[in-house]
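Protein chains in written order, with the numbering used here: chain A, 33 to 146; chain B, 1043 to 1529; chain C, 2 to 559.
C-beta atoms are modelled at their ideal positions from N, C-alpha and C, and glycine is treated no differently.
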Amino acid sequence: MTATLVYGLAGSVLVGVGLYGFAVRRHLLRQILAFNIIGSGLFLLFGALARRTPDGTSDPVPQAMIITGIVVAFAATALAEALAERYQELTGRTALEEDSKPAPPDEQESELRG
Amino acid sequence: MAEPGLLVALPLAACLAAVFLGRRGALLVWVTGPLMLVLTWQLARAIPVVEPLGGWAPPLGIALRADGFAAAFLVMTALVAAVVGAYAATYFAADPRPRRAAAFWPLFYAVWTAVNLILLGRDLFNLYVGLELLTLAGVAMVALDGRAATLAAALRYLLFALFGSVTFLIGAALLYGRYATLDMELLAVALAPDTATVAAAALISVGLLAKAAIFPFHAWLPPAHAGAPAPASALLSALVVKASVLILFRLWFDVLPPLAGALLNALMGGLGAMAVLYGSVQAIRQDRLKPIVAYSTVAQLGYLLLAFPLAGAALGAQPWSAGAWTGAVFHALSHGLAKAAMFLAAGTIMLAAGTDRLDRLGGVAKAVPVASFAFVIAAVSLMGLPPSGGFLAKYLLLTYAFAAQQAGWAAVMVVGGLLAAVYLARPVNALMRAAPAEGARFARVPAVLQLAPLLLALAAMLLGILSFEPYRLIQVNNPAAAHEGLQ
Amino acid sequence: MSWHRFLLDAAVGVPLLLTALALLPTRRGLMIRLLPFAALPGLAAALLVPSGTAQPLPQTLLGAGLVMEAQGRVFLGIAALLWTLAGITARASVTGERRDRFAGFWLATLTGNMLLVLAADVVSFYLAFAILSLSAFGLVVHDGTAEARRAGRIYLLLAIVGETALLLGLLVAASGVGSVFIADIRSALPALPRRDLALALMIAGFGLKAGLVPLHVWLPLAHPAAPVPASAVLSGAIVKAGIFGLMQFLPLGTALPDWSGALVTLGLTTAYYGVAAGLFQRRAKAVLAYSTVSQMGLIVTVLGAGLASPGPGLALSAAGFYAAHHGLAKGALFLSVGVLHAAGGASRRPLLLLTGLTALAIAGLPFTGGALAKLAVKGPLGTGAAALLVTLSAVGTTLLMLRFLMLVRRDTPAPHLRPRPAVLLPFAGAALAALTLPWLLFPAASGQALAYAFSPATLWGAAWPLLLGAAILAGAVRWGRAAPVVPEGDLVAPAERLVNAAIGRAQEWQAPAPQLPLQGALARVGAAAGRVEAAAARWPVIAPVLLAAVVVLALATV
């Protein structure tokens, strides 16, 4: 069993676990965590891919992708956290309610008229 | 001079500048708007253009490529963004909450950057970065108001979008593992129909469908688009969701045509048809202006997917023989213009009337006549009435449906058009009702807020009347599958 | 020559420009003052531009163009004349707050009309048809009364249905031909694989505009509701758009016996139905509207007869000729309603006389243009049962026209009232044109010498239906009882009730205890849509669907 295979398998397992959590959990924080687990799994996968060049040197492209991907995932996590926290402050909920009716008349819009 | 890189760098620079400028970020748009219009126009005249960034060729480097498809959307994006920017500058000038206004501008430029990046990029990871930037800026825009309802809408949007990002990235990883490149041109050359490729195609496509709010993954869109401030709604509906569909087009028509069998095309077409019918029915059920417009986006996006079963499946004798692909692209362009116009008009109407409940809008046409007129013109394009761009698009799609003996898809389009007439007739009727509702007072609004939607609505109309030039533009370097069909 | 092409541009461009001008916040009443001039370039083009002049506009639409064809010239000339005359009346008689809006709709409708007769390609043709249909809505509802709004609603609904049918018909035809030009489509149509579908859809679309039964219901509602000059152009020019469309696209010259039979049946049914329903109307304008329905039925019969046999035949020119006469005469009669309403005392008698002459001309009164029109269509109709029925229909037309005259005679304005010249002259102009212009056009349209029209047999052939009609009416007045009244728009009332109920149900989707099958179905669709929407928003539902979609898509991919 090569190191590449270990990394690849571990990455795949993490993606699977993360996807399960993302789909099944209702708590917003848990969903955000699940998203990050998927992300970690994917970065492991990319890392494993980088090692697969025929001459054994590492491919720089996946490494560049990992770094970019981490930045993107970080930004997404930060935004999600901020939104979830504010949402909990306003409503006391930690999970989205199940009704997606378009927001009621926008009282802010009328404030603008002042 | 036509530098594709500049079209990404300029809005990105403006985005950074806007972070520091705060509310004064509004002033930037008077420079960036005209400048971007000129630059995109020059690019449209110079296509096809390829720019390997930093001189590094793929697969190691990333190339930006502008074909007719990209150029047409770049010009449309520049026009929509410039006009929406001008509108927003006035709209937020009166905002009592300075933080909302200050937060809007970096997001505005982030969306612009991301859309341009997506249009020019041909590298799946590059597209992923663009998509993420687009999604995060879009979600933040929805949450601008900071009310519980809009936060919930933003979070739901984020859930769908993150799912889409994840599957997109998994797909990209699979493709990289298989082909050691993510450049679309190189992928298209090396493509083999094996398991990894098929799985990657499915993962990426479903991710994009979720981000594009295609039925049944649409539930996040109406609350998000209806709850955002008017300029944000315009950008979201006109550009943001469309970007995902455009990547889907690039993917299947440029890279994966050998994989697209009759079954897949029928499936995509079926999803589109469901979106058209379902979105329209939901739009009819709404009793407020912005939700109607938002559900109309759900419906209109469905037309784009009809290009899959219809593309190229026709005789070559037509003088406009580039298949339903062109019709769908035309539809996306005209919908972008008309929908942005409609959301801006709806925003102005809301400012004037203080509400967007249809039963409270009587007499509003007298208070904001130009915006109401713009709404009607945009409605004409969405209904597909001549001579609008929407009509031209439907004309092309329908001719192809008939020529390809696929009357079923034609029936969907016709019914969709009639349903659009029904769901748009109600708001138009409400606007034109002479008698104001009891106790209704109308506020005065600045002229810019009325003229901006009119400009975009007229652009949607002109796209139909002077259709020859955009039609020619779209054809430049278009994918072979657009002519020959996917199967 | 270039100025010919320029005139073609101007015929469409001038009204278009004025329409754009009308959209601006205008100086009070300026636009309405411009109405008489808007159609003049069209009139000039009809008189001066030689047939075959084409103005290609490759940059617009999908490669559009204008062209002057022989058929279009007649329609262009008559329409432009009528729009000019009615424009003079409108300028004088349409007043009040909303006159500028009226002028805007008027100009837009006129633009559509001009483009329609000059369009060389299907896209501009359809564009023109749509502009014409939809802008005419503004003319119908102008008065703003409940009656006008109801008429407008029904008109708009049917217009949209007609537009859709027409668009589909044109698309089916164009998709099989590979050209956008009308001439190409017309010549290729008979051999198309989906010819019958294309023809059926086009006949439905055009027939709706031309008022073919049972699609005629908008006509008797819209005409009485609109202001007098608007009724004149509605009946004289807009209804003709349907006839013009049929003439543009029906492959006359090819034998299509089935379609011939269908059109003749449809036409004759319409002709007699219009008479039957029109006789029991109480308002002069409603009687005229039903008469229009009936007359359009006759023209469609002629066109249908033209499809019976191969060869060019005279059906096309004869039908155009008949339509031209009818346009002028019916326009004049609608204008007469306004004139007679303002003519008291001694001024009344000569005006009634002119009105009577014009009305009976429609029934074919000898020595009038109407007699020539009837004569011209005799040839294409041949000698069969259809020809006899068309001749007999003149009896009905006579009855209808006499009924109209009785109704306008009843109107008794104060003796000192005199119609203003601006209202009087257009009426007189249209009436005289209807009575005389056909003499100029007759030889070309019918292939007969004028002398034929004066032979005793011809004169008697035109006169006996009139005499018979007069006798029947005299008998009815002498011995008849009070006539029943048919509501304007006859078939529309029950349909309207059903539609209203259905729309009411669709909006409140949780409707309890549905009463009609249709209502129940609509309520169920609404309820289902609500449930789907709730489910699609639930993440625990949609997340598995998303994952399943990946699998399904992968399986569907080759």
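Considering only C:L269, C:A199, C:A535 and C:G113, the residue with the shortest C-alpha distance to C:A39 is C:G113. Residue-level contact check: B:P1094 does not touch chain C, since none of the beta carbons of chain C fall below 8 Å from its beta carbon.
Going by DSSP, B:P1094 is part of no alpha helix (DSSP H) but of the beta strand (DSSP E) stretching over V1091 to P1094. Excluding five sequence positions before and after B:A1124, the CB atoms of its chain that fall closer than 8 Å to its own CB belong to V1071, T1074, G1075, P1076, M1078 and L1079, given in chain order.
Residues of the segment 35-57 of chain A with a C-beta less than 7 Å from any C-beta of chain C: A55, listed in chain order.
If only uninterrupted alpha helix (DSSP H) runs of at least 4 residues are considered, those enclosed by the segment 1365-1431 of chain B are 1365-1395, 1406-1409 and 1411-1425.
When only Cα atoms are considered, B:R1142 and C:L17 end up about 44 Å apart. Counting only residues of its own chain and dropping the five nearest sequence neighbours on each side, A:L77 has a CB closer than 8 Å to the CB of Y39, G40, G43, S44 and V47. In this structure, DSSP gives B:Q1448 a state outside helix and strand, which the three-state scheme calls coil. DSSP, read as helix, strand or coil, puts C:D101 in helix. Measuring C-alpha to C-alpha distances from B:G1431 to each of B:I1516, B:S1509 and B:A1382 identifies B:S1509 as the nearest.
With its beta carbon less than 8 Å from one in chain C, B:I1507 belongs to the interface. For C:Q56, the uninterrupted beta strand (DSSP E) run begins and ends at A55 to L58, by DSSP. The residue among C:A55, C:S125, C:R195 and C:A233 with its C-alpha nearest the C-alpha of C:W107 is C:A233.
In the DSSP assignment, C:V68 falls outside any alpha helix (DSSP H) and lies within the beta strand (DSSP E) extending over A65 to V68.
A direct Cα-Cα distance of roughly 8 Å separates B:A1388 from B:S1414.
In the structure shown, the three-state DSSP call for B:R1107 is strand. Classified as buried, B:M1310 has 16 or more neighbouring CB atoms from the shown chains inside 10 Å of its CB.
In chain order, E1093, L1095 and L1106 place their CB closer than 7 Å to the CB of B:G1047, counting only its own chain and leaving out the 5 sequence neighbours on each side. Along the segment 114-132 of chain A, the positions whose C-beta sits under 8 Å from a C-beta of chain B are L115, A116, R118, Y119, L122, T123, L128, E129 and S132, read in chain order. Out of B:P1090, B:V1464 and B:L1250, the CA that lies nearest to the CA of B:R1327 is found in B:V1464.
For B:A1261, there is no enclosing alpha helix (DSSP H), as DSSP marks it with neither H nor E. In this structure, the straight-line span from the alpha carbon of A:G124 to that of B:L1500 is close to 46 Å. Remark: fewer than three beta-carbon pairs, one from each stretch, lie closer than 8 Å, so the segment 421-430 of chain C and the segment 378-387 of chain C are not flagged as touching. In the structure shown, C:F368 adopts coil according to DSSP, grouped into three states.
Taking 8 Å as the CB threshold, C:L548 lines the interface with chain A. Chain order gives the chain B residues near C:W540 as L1201, where near means a beta carbon separation below 7 Å.
Counting C-beta atoms within 10 angstroms of its own C-beta, B:R1065 has 16 or more neighbours from the protein chains shown and is therefore classed as buried.
Contact check for B:G1458 against B:L1319 passes: the beta carbons are separated by less than 8 Å. Below 8 Å, too few C-beta pairs join the segment 6-25 of chain C and the segment 1145-1158 of chain B to call them touching: fewer than three.
With at least 16 other beta carbons inside 10 angstroms of its own, B:F1146 counts as buried. Chain-order list of chain B residues neighbouring C:Q60: L1508, F1510 and E1511, by C-beta distance under 8 Å. Nearest neighbour of C:A11 by Cα position, chosen from C:L116, C:G64 and C:R539, turns out to be C:L116.
The closest CA to that of A:I64, considering only A:P92, A:A114 and A:E121, is found on A:A114. C:A544 reaches chain A at F54, A55 and V56, counting residues in chain order whose Cβ is nearer than 8 Å.
Residue pairing for C:A120: DSSP places it in a beta bridge opposite C:L67.
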